[in-house]
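This report refers to the structure that appears directly beneath it.
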Amino acid sequence: MVEDDPFADPPDTDRTVIRPRPGGVRPAAVVGEGADGERTIAPRVVAPRSRLAAGLPDGPAGVVPLAPTGLNAVTQAAAPLLALAVRLKNRAVHRDVPVLRERVVAEIRSFERTALAAGASAEAIRAARYGLCATIDDLVLNTPWGSQSLWTKQSMVSTFYNETWGGERFFDILDHLMKDPERTLEILELYYVCLSLGFEGRYRLDARGPAKLAEIRDSLYRAIRRLRGEREAALSPHWKGVAAERRPLGRIVPLWVIGAATGAVLVGAFFAFRWFLDAALDPAMAAAAQAPPLGPVVIERSAPVEPPPAPPPPKVVVESSGIRLKKFLEPEIKEGLVSVTEDQQSVRVRINGSDLFASASDTVTPKRLSILNRIGEALKTEPGQVVIEGHTDSQRIRSARFGSNTELSLARANTVMKIFEQIVGTGRFSVEAKGDSEPLVTPDTTPEARAQNRRVEVILIKPTGG
């Protein structure tokens, strides 16, 4: 063996290697002839229990279902191992690493036999085998499952070469190959494929590792191109199709015409069905509006039987909720913006004015937002549940958003409720959509009458005994 040959196997100082094997005894090691005629030590190959567990597709155990492919005889022989390396790199988990390792050892032995039969020299096979072992180790040991497996102690480089520095020696061998690229062209091409598949070695933890690897791969590519010549620039040498009879574009209906026609039909159908549905709903809504009770529901409570009066205590004047709200909203009442009425069960705050909302909209106009904020501040200190009623005039609405006056009145009541909840908090408010069922003025045939009927009423329900 030549001492300065970087491809040669290192001296085998311990030809009997005994390693513990969980769950059983490992088969004895096999001493055989390598591709270079030297004796090498490798574990006995055991057929995998499952090709899927070994990272390979199902099929006969000794057959790799790949057609001959590659730049040269050495790369063709290594094609199964290179394909396996790609699959291992992209696997997030592997269930049977020991079987996978045995399979890789068998594939490396198969590569040696195939390359030797293809006419590759022993030196070329030796260098190629080292590059393949280092590449598979580098890819496996940098996966989540590989870094925690037996591969850390039984890698391919340590199995075939009794080394643990495959990531370093790979580049030393590559430098030696680059000194005589005409003689080592086939191995250079294999090493280029290994670098392209993701081998990084000692540069993996280097901050400038990607840049250095790019320089190495670029110089290697240039050396190969210098000897092989430039490749065909076209993506496919036979890119021209078979001549066919030209069909005038006028005979073909463009796809956009079909799409536009289909869209127009669907949109038209939607609005037609919406119109028919709204028309059918109007009588039902009118009948519901005339159903009893026609006015506001008032609960009359009989006064409890009072015991004989006790001597009157000092008279304490307690203002009712209605009086307090009237005092708080006195500026708005004087301006005619709101009105406050009170009965035994509730206090009703009616927001006057037709410009509280834009026409056919549930958005409060900016100039009326301050009124709602004032009412919210007034309700903040008053106990009791609050009902917000939305009312509209009798003119029917037809829009894409609101199908009826009831929907519009509900949306407006919800808008007012959200403003009050921002001031008072949630849990006290509920909404009712009255539509045009409770007009203040009938008939509302004039703009002034319709303006009075378009309103929002805030009803404060007095607590029992309040």
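Mapping the sequence shown onto full-length UniProt numbering, position 74 (from 1) lands on 74, and the numbers just tick up by one.
Glycine is no exception: its CB is placed at the ideal position from the N, C-alpha and C atoms.
Problem - Inside the UniProt domain "OmpA-like" (344 to 464) only - alpha helix (DSSP H) runs reaching at least 4 residues - result: Fully enclosed alpha helix (DSSP H) runs of 4 or longer: 369 to 380, 405 to 424, 447 to 453.
Handout entry: contact_flag[the segment 443 to 452, the segment 411 to 418] where n(CB pairs < 8 Å) is 3 or more
Key = no
Problem - Distance, Leu100 Cα to Ala85 Cα - result: The alpha-carbon atoms of Ala85 and Leu100 are separated by roughly 12 Å.
Handout entry: Three or more C-beta pairs below 8 Å linking the segment 435 to 443 and the segment 415 to 424
Key = no
Handout entry: Ala342 - containing beta strand (DSSP E), residue span
Key = A small correction: the amino acid at residue 342 is Glu; Ala does not occupy that position in the sequence shown. Unbroken beta strand (DSSP E) run through Glu342: 338 to 342.
Handout entry: the ligand NAD heavy atom lying under 8 Å from the CB of Ser149
Key = Only the bare structure without any ligand can be found here, which leaves the ligand NAD out of the picture.
Problem - For Phe160, the three-state DSSP class (helix, strand or coil) - result: helix
Practice task
Count the C-beta pairs between the segment 384 to 392 and the segment 424 to 431 that are closer than 8 Å, then say yes if the count reaches three, no if not.
Solution key: Contact between the segment 384 to 392 and the segment 424 to 431 is present, because at least three Cβ pairs lie under 8 Å.
Exercise for the section: State the Cα-Cα distance for the pair Phe160 and Glu230, rounded to the nearest angstrom. Expected result: Phe160 and Glu230 have their C-alpha atoms some 37 Å from each other.
Exercise for the section: Measure the Cβ-Cβ separation of Val364 and Ile419 and say whether it is below 9 Å. Expected result: yes
Practice task
Tell whether a beta-carbon distance below 9 Å holds between Gly384 and Ile461.
Solution key: yes
Problem - Given residue 479 as reference, the closest of Arg95, Arg217, Val265, Glu457 once Cα atoms are compared - result: No answer is possible for residue 479: it lies beyond the span of the chain, which begins at 1 and ends at 466.
Handout entry: Local Cβ density within 10 Å of Phe357, reported as buried at 16 or more and exposed below that
Key = buried
Exercise for the section: Helix, strand or coil for Pro313, going by three-state DSSP, please let me know. Expected result: coil
Handout entry: Phe199 - containing alpha helix (DSSP H), residue span
Key = Per DSSP, Phe199 belongs to no alpha helix (DSSP H) and is neither H nor E.
Exercise for the section: On a CA-only basis, which of Gly435, Glu448, Thr464 is nearest Ala288? Give me that one, please. Expected result: Gly435
Handout entry: Check whether Val74 and Ala115 have beta carbons under 9 Å apart
Key = It is a contact, given that the beta carbons lie within the stated cut-off.
Practice task
Output the distance between the C-alpha atoms of Glu189 and Pro98, rounded to the nearest integer angstrom.
Solution key: 30 Å
Exercise for the section: Could you say which of Asn90, Ile108, Arg169 lies nearest to Leu141 if we only look at CA atoms? Expected result: Asn90
Exercise for the section: Below 6 Å CB to CB, which residues in the same chain sit around Ala223 once its five sequence neighbours on both sides are set aside? Expected result: Correct list, in chain order: Pro181.
Exercise for the section: Rounded to whole angstroms, what's the CA-CA distance from Leu150 to Ile108? Just pull it up for me. Expected result: 18 Å
Exercise for the section: With Glu102 as the anchor, note down where its alpha helix (DSSP H) starts and where it stops. Expected result: 97 to 117
Exercise for the section: Report back the beta-carbon spacing between Glu342 and Ser320 to the nearest angstrom; my notes put them in contact at under 8 Å. Expected result: 6 Å
Practice task
Compare the C-alpha of Gln344 against each of Pro463, Glu186, Ala310, Ala120 and name the closest.
Solution key: Of the listed residues, the one whose Cα sits closest to Gln344 is Pro463.
Handout entry: Assumed close pair Leu177, Ala120 - CB separation to whole angstroms, cut-off 8 Å
Key = At roughly 14 Å, the Cβ-Cβ gap does not stay under 8 Å, so Leu177 and Ala120 are not in contact.
Handout entry: Chain-order list of residues whose beta-carbon lies under 8 Å from that of Pro296 (same chain, five-residue window excluded)
Key = Glu438
Exercise for the section: Assuming Ile375 contacts Val347 (C-beta within less than 8 Å), just tell me the rounded distance between them. Expected result: With a beta-carbon spacing of about 11 Å, Ile375 and Val347 fall beyond the 8 Å limit used to define contacts.
Handout entry: Close-in-space but distant-in-sequence residues of the same chain around Gly32 (CB under 6 Å, 5 per side omitted)
Key = No answer about Gly32 holds up, because its pLDDT of 39 lies below 50 and its placement is not dependable.
Handout entry: Neighbour-count burial assignment, Phe273, 16 or more Cβ in a 10 Å radius
Key = exposed
Exercise for the section: Within its chain, find whatever has a CB closer than 6 Å to the CB of Asp362; leave out the 5 residues flanking it on each side and keep chain order. Expected result: Ala411, Arg412, Thr415
Problem - Alpha-carbon to alpha-carbon, Ser339 and Leu325 - result: 10 Å
Handout entry: Three-way DSSP call (helix, strand, coil) for Thr40 in this model
Key = At Thr40, the pLDDT of 36 sits below 50, so the modelled position is not reliable; the number obtained from the coordinates is stated separately. Here Thr40 sits in strand by DSSP.
Problem - DSSP three-state assignment for Leu143, whether helix, strand or coil - result: Reading off the sequence shown, one finds Thr at residue 143, where the question assumed Leu. In this structure, Thr143 counts as coil in the three-state DSSP scheme.
Exercise for the section: Would you tell me roughly how many angstroms separate the C-alpha atoms of residue 523 and Ile323, rounded to the nearest one? Expected result: In the structure as shown, the chain starts at 1 and stops at 466, and residue 523 therefore has no counterpart that could be examined.
Exercise for the section: Go through its chain and collect everything with a Cβ distance to Glu377's Cβ below 8 Å, but skip five positions before and after it. Expected result: Phe328, Ile423
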